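If you read the sequences in order, they're chains R and A. Using the numbering used here, you'd call the opening residue of the first sequence number 1 and step up by one each time. Using the numbering used here, you'd call the opening residue of the second sequence number 1 and step up by one each time.
Number of protein chains: 2
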Amino acid sequence: MKESLRYRLLSAQLEMARQASRSVVLVVTGHAATGKTALINELNHRMENRLTEVHALAPSSEERARPYWWRYWRRLPARGRVGVFVHGWYGDALFARAEQRIGPGAFRDHLAEIRAFEAELAAEGIALVKLWLDIDAEEQGRHLQALQRDPSRAWQVKDHDWQRHLQHGVLETLGREMREATEAEHAPWRRLAGGPRHAPAKTVERRLVTAMAGPLPSVTPPEEAVTPLAEAPPRLADLPVPTDKAMDKDDYLERLARAQARLAGNAREIQRRGIPVVLVFEGQDAAGKGGCIHRLTSALDARLYRVHRIGAPSDEERAHPWAWRFWRRLPLDGRVAIFDRSWYGRVLVERVEGLASPEAWRRAYGEIRRFERQLLAHGAVLGKLFLAVDKDEQLRRFRARAETPHKRHKLTEEDWRNRERWEDYREAIDAMFAHTHGVDGGWALIDANDKRRARLAVLDHVNRLLEARLDAPR
Amino acid sequence: MKESLRYRLLSAQLEMARQASRSVVLVVTGHAATGKTALINELNHRMENRLTEVHALAPSSEERARPYWWRYWRRLPARGRVGVFVHGWYGDALFARAEQRIGPGAFRDHLAEIRAFEAELAAEGIALVKLWLDIDAEEQGRHLQALQRDPSRAWQVKDHDWQRHLQHGVLETLGREMREATEAEHAPWRRLAGGPRHAPAKTVERRLVTAMAGPLPSVTPPEEAVTPLAEAPPRLADLPVPTDKAMDKDDYLERLARAQARLAGNAREIQRRGIPVVLVFEGQDAAGKGGCIHRLTSALDARLYRVHRIGAPSDEERAHPWAWRFWRRLPLDGRVAIFDRSWYGRVLVERVEGLASPEAWRRAYGEIRRFERQLLAHGAVLGKLFLAVDKDEQLRRFRARAETPHKRHKLTEEDWRNRERWEDYREAIDAMFAHTHGVDGGWALIDANDKRRARLAVLDHVNRLLEARLDAPR
């Protein structure tokens, strides 16, 4: 019988790497002095370590200057790989609560975020295994003392281990609450006895084989209702019938200069206060997103902003959950990230063109709301602007592009194809407004049939967003 | 005449993006109060900002915990894109020297590093444009005072601007030395008058158009002789004729346990002192790299090391200079990165299979020496191990793999193909030794015909490397 458990683990891992359709996340947390490191080392040595990554990091300055979950998103294993997290997102909540750095409400909120995060990962083909290592207080104390007395191992005992020993009862209670709140078929907990006779790697190996090769449970991410804003979500039908009268050029230039000066001042103050800004531009083809973004960036210091044009994902991006490529582009505090098309592609082009399954794009509404809530929780200013043109105006612009040499590059076959699905897009756009216009980020629907008015409206909207933040009590 | 300069710049940029075969790096440095930011903003607004990135960063903790050049490598624009660096690698040297944080020798060394760095980028299809903004001391003083008096612009004046004003003469001299030392056809300097009547963006635009669309000058990177070690570089022919007698198993296990315990202690101390470790494993197919790495990592804390198996590059990696994918994998201080195959692929498989041009792989010797010198300059321990088997032993192992179910995955068609080119590889391997065995990293040629002896030899070599560092005076 060559088919030992160890061979099963290795061969499951290699097969997972070959298929590269799922990945495995293993979280190891629990009490101090339970042999977490020894267990991870042992598991790691039974796997192909070229396909495994272990993460036990104190957050870096780059991580602290971005929304909380960024540090975990950036470390998610690519398809085919295994990521091991020591304490991970559980340790942050657990120890912060035990040390009274957060209250019970914030603790429960963190657990709810975890539930949603793990459901999102599972729905994207990440199999989760979570271990809690147990030990009773008395044995823990004896073990810590024994370690401390042994010169070759005393280094293993840190101050926080003793602190956690003193808080054994508190951690036990919090740990139970934590596990109960985050238990799920797609992210099951397993409690193991830890300590000197340390945790049985074999049991874990079996779990890992299942995660690598077993069926992936179907996941229903937690429902998340959009918390509505005072005003109803916009609808394309609300747009007024376009007037034929273009705005007077001199009038436009004067107002543009004033709006840009106002933006420059606001942006400087936003930067001084270290507030990150995320601006999302969506709109039909030829609605003038590029022109609006250009008028916006003209007023910004080039060192402070970055424009992200979202097209087809790279192969590294395709090897991760769909939202990964937006997480990786989030700005540092005090910087501005401008998205020329965005995560909303999931519920627009990917929906209409069938690039995402109905299950996937429907789920995306909740994922997007959560993502945006996390940006706001970090203190970001979030602006979402939809530039709308009507079908006739789009046609005029397509023709103008076709005829103007230095604009021809902007017009592609795809633009004409998309135009044929105008009604499908309209439905998707209105559904997007309905599902994602809330306290966690309201949409500004900009009438873009007149370019000059649209540019001024965009500047005005962004200015008002920044000013609302600057005026808000800190 | 629609063919204005501005349209030429934009269209050159779009064409460069379409072809995605080169990228442009623009460095802007010089005196304070010369309008660098205004110039960059103006240029940025005349380009497609979705294809441009501006970098003006203070190094983050992640950057400080890695070799100096990491911060620039990670920010290099992908093919088709423009990267703008404010001061960039010039500012670091210039201001450190002006403020006496480094001496004249270190300044000159930094300039030599810059020369080599820029030559390497240019050889990889990056067109460089470098601007020095000039102003005379008197005008600078007047301009700073005027700025300071204007409430809406006073924020632009920083303390260091006044400091640099006081050092105008010093910076003028150092700037001249810097430009002279780093002037090259592939990385030309241009001096521009800065200040209130700020720099003529037009002149720069012309330079940029040339960089985007003009012929790329051919580059001969500076010669860099390997500084030899006391002992001569190894040669494959030096290996002794393998004995038939395998090492006794009990003896092996006992010595293995001792070596691993020794490694565990060394690694702990290395980590405590925050020393990064980079280990490179090369060797013929089936030489047993994986097994040796496994015996090594068994003694390491899984939280501290990462094994990088180097295969085909991802598309993001292909869009950057070839060494980029190794830079991005460099460990943080106190961590161990183990490369299962490495940058030496450039002068082994890429040479033998014709994946790199003769010009490219010949140039790589110098690039590799510089890369490794930069690791060492940062304080890394660098170990380079070549595991060698002879042709008969390789055949035995291929056959054993073919016959053993859980090893079959290790044997591919490619292995048999490589075997046919045994002599070509031998030549490439010996050339690699000759060119890259020096004070900046010596090779250990490990006789891998007996797996047990090889594993012990690897552990012993790594232990000795770590101990040499730990014993060295700090």
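Glycine included, each C-beta is placed from N, C-alpha and C at the ideal position. Note that the structure is predicted; figures quoted are calculated from it, not measured.
Please confirm whether residue i has its beta-carbon closer than 8 Å to some beta-carbon of chain A.
{"i": "R66 of chain R", "result": "no"}
{"i": "R197 of chain R", "result": "no"}
{"i": "R306 of chain R", "result": "yes"}
{"i": "L10 of chain R", "result": "yes"}
{"i": "H320 of chain R", "result": "no"}
{"i": "D333 of chain R", "result": "no"}
{"i": "A287 of chain R", "result": "no"}
{"i": "A400 of chain R", "result": "no"}
{"i": "I475 of chain R", "result": "This structure gives no information on residue 475 of chain R, because the portion of chain R shown stretches from 1 to 474."}
{"i": "K2 of chain R", "result": "With a pLDDT of only 47 at K2 of chain R, under 50, the local geometry of the prediction cannot be trusted, and the value read off the model is given with reservation. For K2 of chain R, the answer is yes, since a Cβ of chain A falls inside 8 Å of its Cβ."}
{"i": "T243 of chain R", "result": "no"}
{"i": "S357 of chain R", "result": "no"}
{"i": "R71 of chain R", "result": "no"}
{"i": "E124 of chain R", "result": "no"}
Starting from residue i, follow the alpha helix (DSSP H) in both directions and report where the run begins and ends.
{"i": "S357 of chain R", "result": "It is not in any alpha helix (DSSP H) - S357 of chain R carries neither H nor E in the DSSP assignment."}
{"i": "R258 of chain A", "result": "K249 to R272"}
{"i": "H160 of chain R", "result": "D159 to L166"}
{"i": "T297 of chain R", "result": "K289 to T297"}
{"i": "T475 of chain A", "result": "The question about residue 475 of chain A has no answer here: the residues shown for chain A are numbered 1 through 474."}
{"i": "V349 of chain R", "result": "V349 to V352"}
{"i": "L456 of chain R", "result": "K451 to D471"}
{"i": "L39 of chain R", "result": "K36 to R46"}
{"i": "R71 of chain A", "result": "W70 to W73"}
{"i": "R66 of chain A", "result": "Careful: R66 of chain A lies outside any alpha helix (DSSP H) and carries neither H nor E."}
{"i": "D315 of chain A", "result": "D315 to R318"}
{"i": "R325 of chain R", "result": "W324 to W327"}
Going by DSSP, what residue range makes up the beta strand (DSSP E) through residue i?
{"i": "S479 of chain A", "result": "Look at the range of chain A in this structure, 1 to 474, and you will see that residue 479 of chain A is not part of it."}
{"i": "I446 of chain R", "result": "W443 to D447"}
{"i": "G83 of chain A", "result": "V82 to V86"}
{"i": "E99 of chain A", "result": "Note, E99 of chain A: premise wrong, no beta strand (DSSP E); not H, not E."}
Give every residue of the same chain whose Cβ lies closer than 6 Å to the Cβ of residue i, excluding the five residues on either side of it in the sequence, and list them in chain order.
{"i": "P321 of chain A", "result": "E124"}
{"i": "A457 of chain A", "result": "I446"}
{"i": "R455 of chain R", "result": "C292 and R295"}
{"i": "E185 of chain A", "result": "P217"}
Contact criterion: CB-CB distance below 8 Å. Does residue i meet it with respect to chain R?
{"i": "Y7 of chain A", "result": "yes"}
{"i": "M94 of chain A", "result": "Correcting the residue type first, residue 94 of chain A is Leu in the shown sequence and not Met. It does not: the Cβ of L94 of chain A has no partner Cβ on chain R nearer than 8 Å."}
{"i": "A201 of chain A", "result": "no"}
{"i": "A154 of chain A", "result": "no"}
{"i": "A20 of chain A", "result": "no"}
{"i": "S23 of chain A", "result": "no"}
{"i": "T210 of chain A", "result": "no"}
{"i": "T297 of chain A", "result": "yes"}
{"i": "R303 of chain A", "result": "yes"}
Helix, strand or coil: how does DSSP classify residue i here?
{"i": "G105 of chain A", "result": "helix"}
{"i": "Y344 of chain A", "result": "helix"}
{"i": "L133 of chain A", "result": "strand"}
{"i": "R309 of chain A", "result": "strand"}
{"i": "G125 of chain R", "result": "coil"}
{"i": "L279 of chain A", "result": "strand"}
{"i": "V336 of chain R", "result": "strand"}
{"i": "L174 of chain R", "result": "helix"}
{"i": "L60 of chain R", "result": "The sequence given here places Ser at residue 60 of chain R; Leu does not occur at that position. Reduced to three states, the DSSP call for S60 of chain R is coil."}
{"i": "E113 of chain A", "result": "helix"}
{"i": "R235 of chain A", "result": "coil"}
{"i": "D301 of chain R", "result": "coil"}
{"i": "S152 of chain R", "result": "coil"}
{"i": "D285 of chain A", "result": "coil"}
Could you pull out every residue in the same chain whose Cβ sits closer than 7 Å to the Cβ of residue i, ignoring the five residues on either side in sequence?
{"i": "R8 of chain R", "result": "V209"}
Among the residues of its own chain, which have a CB less than 8 Å from the CB of residue i, if the five just before and after it don't count?
{"i": "P67 of chain A", "result": "L330, Q374, L375, A377, H378 and A380"}
{"i": "Q394 of chain R", "result": "Q284, D285, A286, A287 and R419"}
Would the C-beta of residue i count as close to the ligand SAM, meaning under 7 Å from any of its heavy atoms?
{"i": "Q100 of chain A", "result": "This structure lacks the ligand SAM, and indeed carries no ligand of any kind."}
In chain order, each alpha helix (DSSP H) run of at least 4 residues that lies wholly inside the stretch 357 to 440 of chain R: 358 to 377, 391 to 403, 413 to 420 and 422 to 436
Entirely enclosed beta strand (DSSP E) segments - the stretch 178 to 227 of chain A, minimum 3 residues: 189 to 193
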